[in-house]
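Take 9 as the starting number for the sequence shown in the numbering used here and just add one per residue. Each residue gets a CB set at the ideal place from its N, CA and C atoms; glycine is no exception. Predicted, not measured: the structure shown is a model, and the values here were computed from it.
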Amino acid sequence: MGEKLDTTTETAVPECPSHKILEENKPSTARVSRILIVALDNYIISTALPQITSQFHGLELAGWYSSSYFLTLMAFQPAFGQLCSLFPVKTVLLASISIFEIGTVLSAAAPNSAVFLAGRLISGAAGGGLWCGSLTVMSLAAEPRKRHLYISIVTSMYGVASVAGPLLGGIFTDSPTLTWRFCFWINLPIGGLAFLIILLVLPAGKTAGPENKQPVLQRLASIDFVGIVLLSGIFICLLLSLQWGGTTYPWSDSIIWGCLIGVGLMAAVFVVLQLRLGDRAMIPPRIVSKRTSAAGCLFTVLITMGIVTHVYYLPFYFQSAVGISASESGDRLLAYLMVLLFTPMIAGSLVTLMGHYVPFMLLGCALFTIGAGLLTTLEPDSSPAAWIGFQVLAALGAGMCRQMAFTAVPLVLRPEDLPTATALVAFCNSVGSALALGIGQAVFNQFLSRELRENLPGIDVQSISHAGAAEVFRLVPAAELPALQLAFNVAISRTFILAVASGGLAFCTSVSMDWINVKKHGGH
9 MGEKLDTTTE TAVPECPSHK ILEENKPSTA RVSRILIVAL DNYIISTALP QITSQFHGLE
69 LAGWYSSSYF LTLMAFQPAF GQLCSLFPVK TVLLASISIF EIGTVLSAAA PNSAVFLAGR
129 LISGAAGGGL WCGSLTVMSL AAEPRKRHLY ISIVTSMYGV ASVAGPLLGG IFTDSPTLTW
189 RFCFWINLPI GGLAFLIILL VLPAGKTAGP ENKQPVLQRL ASIDFVGIVL LSGIFICLLL
249 SLQWGGTTYP WSDSIIWGCL IGVGLMAAVF VVLQLRLGDR AMIPPRIVSK RTSAAGCLFT
309 VLITMGIVTH VYYLPFYFQS AVGISASESG DRLLAYLMVL LFTPMIAGSL VTLMGHYVPF
369 MLLGCALFTI GAGLLTTLEP DSSPAAWIGF QVLAALGAGM CRQMAFTAVP LVLRPEDLPT
429 ATALVAFCNS VGSALALGIG QAVFNQFLSR ELRENLPGID VQSISHAGAA EVFRLVPAAE
489 LPALQLAFNV AISRTFILAV ASGGLAFCTS VSMDWINVKK HGGH
């Protein structure tokens with residue numbers, strides 16, 4: 009049964025030293041810029057991805073170019089929740105920005121796939137600290153009844169990045185001078201600005217948890233490093249099985265089964281470890297045992313899967329199925345991204361007015377699922393009314409509900425649990441992104457290979473995979489281009505089914521959320 013919460017009387021948030029981290033309870037330029045560099049690195053690659061696959065001759069690695077970033081992002085996010093409780097938030101954020109920029113430089117200057125992926129892995133690990141630290145500070149600084157509004161403003165940077173990212177990515181990619189590499193160089197000045205503001209503005213010596221006077225090494229020893237390794241192993245094996253299954257190896261191959269068995273064994277060990285560690289665990293059982301916490305985390309995974317599937321594969325539809333340039337595909341993606349930018353802020357204001365977040369989760373999931381279903385019907389010659397209208401409907405639903413777990417989960421927890429809880433929801437956001445890219449790439453590769461073999465028997469499927477999405481049209485005669493575009497369209501439409509399924513499951517999950525009036529509930 010759900011947690012029995014008194015929502016009829018207003019209570020005050022218990023005084024906690026962490027509430028004094030900031031001088032003002034409102035979003036600042038420092039927090040906004042920290043979120044922006046993480047979000048921009050997430051979205052700017054979407055329209056550049058087809059060209060990157062061509063540069064490195066690896067269409068089959070397209071999923072890894074993105075999911076490698078999320079792999080380390082999600083593996084380190086829960087650990088950063090612990091770090092923010094044990095060490096000064098300012099130190100954690102400055103170190104995260106510095107490491108993030110190192111990864112950015114590696115990706116920007118990469119001569120091959122290996123170096124590019126190494127940069128993405130480093131940036132992802134540091135991005136976990138930026139994302140988690142920024143939301144933790146926001147959750148602690150804002151009073152509960154306004155927390156959802158402030159978080160929606162700060163997380164709107166994901167909306168800004170979702171609009172600016174694909175547009176800039178398309179412009180840079182199409183530019184013979186800048187190329188796709190500038191998608192990563194642009195993070196350097198933004199990161200530098202964030203570093204400078206944090207250095208000058210954020211108070212020093214403040215942790216997000218109770219004051220801890222233990223020696224540094226003793227505090228580091230309390231970090232769940234074994235959990236980090238296990239989480240990394242789980243998602244590496246899972247993504248490898250999705251990447252290889254049905255393409256590189258048949259699903260019945262012992263290598264695929266070995267990866268899947270490894271996922272199960274490491275997951276079992278991870279759960280036992282978290283139970284044994286108790287309050288010292290990276291994901292404390294007392295947090296996930298609450299129904300709203302568990303449902304909110306699962307909801308975040310599912311709705312993020314749907315959004316990321318669209319954001320990453322709509323550019324493939326426009327560039328490979330329709331046959332337009334990267335910059336033009338960025339323009340056409342605005343129908344989705346502009347709605348995704350403004351809707352969360354409107355929904356946050358309405359929650360402040362009404363007091364309840366569950367109706368927005370239910371309605372948002374319903375609209376998203378309908379819009380996602382309609383997007384699966386797109387054809388290479390679909391009218392603007394279709395590809396604009398379907399994008400708007402899906403984005404309206406997604407924007408309405410995507411950030412609601414950040415509001416719901418802290419309401420059923422104690423103030424000292426906020427850093428870990430915020431990191432957990434952010435972790436689930438990253439899990440959803442990685443799963444969308446891993447599963448989406450597996451579905452896309454399998455259906456594309458099948459369509460090419462059935463409809464273009466004279467085409468070397470391996471050469472198509474190595475060429476990359478931006479170069480494939482140069483490999484076939486003009487008479488066969490419509491068949492090639494149709495093959496891409498079928499593969500992309502099948503991939504969009506993932507968004508339909510995740511949206512429907514998110515709706516079912518939101519039904520189990522507790523109805524808590526944020527206007528009358530002051531927190532625990």
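query, result
"How many Å lie between Ser262 and Ser249 at the Cα?", "11 Å"
"With distances taken from CA atoms, which of Leu345, Arg340, Thr415 is nearest Ala303?", "Thr415"
"In the DSSP assignment, the alpha helix (DSSP H) including Leu341 goes from what residue to what residue?", "Looking at the DSSP string, Leu341 is not in any alpha helix (DSSP H), and its letter there is neither H nor E."
"For Thr317, which residues in the same chain have their Cβ closer than 6 Å to its Cβ, ignoring the five residues on either side in sequence?", "Ala444, Gly448, Leu506, Ala507"
"Can you look up Trp523 in the DSSP assignment and give me helix, strand or coil?", "coil"
"Sorted by chain position, which residues of the same chain lie with C-beta nearer than 6 Å to Ser558's C-beta, five sequence neighbours on each side aside?", "Because the chain spans 9 through 532 in this model, residue 558 falls outside it and cannot be assessed."
"Using the rule of at least 16 other Cβ atoms within 10 Å of the residue's Cβ for burial, across every protein chain shown, is Glu459 buried or exposed?", "buried"
"Given this structure, state the Cα-to-Cα distance separating Asp232 from Ala83, to the nearest angstrom.", "11 Å"
"Using the Cβ count rule (16 or more neighbours within 10 Å means buried), how would you classify Pro427?", "buried"
"Once you ignore the five residues that flank Met408 on each side, which residues in its own chain have a CB closer than 6 Å to its CB?", "Thr351, Ala355, Phe368, Gly372"
"State the DSSP-derived secondary structure class of Gly253, mapped to helix, strand or coil.", "strand"
"Quick one: grab the DSSP three-state call for Ile53.", "helix"
"Are the CB atoms of Ala491 and Asn463 within a distance shorter than 9 Å?", "yes"
"Give me the Cα-Cα distance between Ile311 and Pro465, rounded to the nearest whole angstrom.", "38 Å"
"Going by the CB atoms, is the gap between Gly178 and Ser337 shorter than 9 Å?", "yes"
"For Phe192, which three-state DSSP category applies?", "helix"
"Nearest-angstrom Cα distance between Thr517 and Gly405?", "15 Å"
"Distance check for Ala450 and Tyr257, CA to CA, integer angstroms please.", "12 Å"
"Return the CA-CA distance between Ala117 and Arg189, expressed in angstroms with no decimal places.", "7 Å"
"Between which two residues does the alpha helix (DSSP H) carrying Pro293 extend?", "293-296"
"Alpha carbon to alpha carbon, how far is Arg461 from Ile198? Give it in angstroms, no decimals.", "45 Å"
"So which of Val97, Leu102, Ser76, Pro86 has the shortest CA-CA distance to Ile130?", "Ser76"
"Just how far apart, CA to CA, sit Leu513 and Thr308?", "11 Å"
"From the DSSP output, in three-state form, read off His364 for me.", "coil"
"Ignore the nearest five residues each way along the sequence and tell me which others in Arg288's own chain have a CB closer than 8 Å to its CB.", "Ser230, Asp232"
"Around the C-beta of Gly253, are 16 or more other C-beta atoms found within 10 angstroms, so that it is buried, or is it exposed?", "buried"
"Pull up the distance between the alpha-carbon of Val400 and that of Met521, whole angstroms please.", "26 Å"
"Note the first and the last residue of the continuous alpha helix (DSSP H) segment covering Arg422.", "Note, Arg422: premise wrong, no alpha helix (DSSP H); not H, not E."
"Go ahead and pull the three-state DSSP assignment for Gln85.", "helix"
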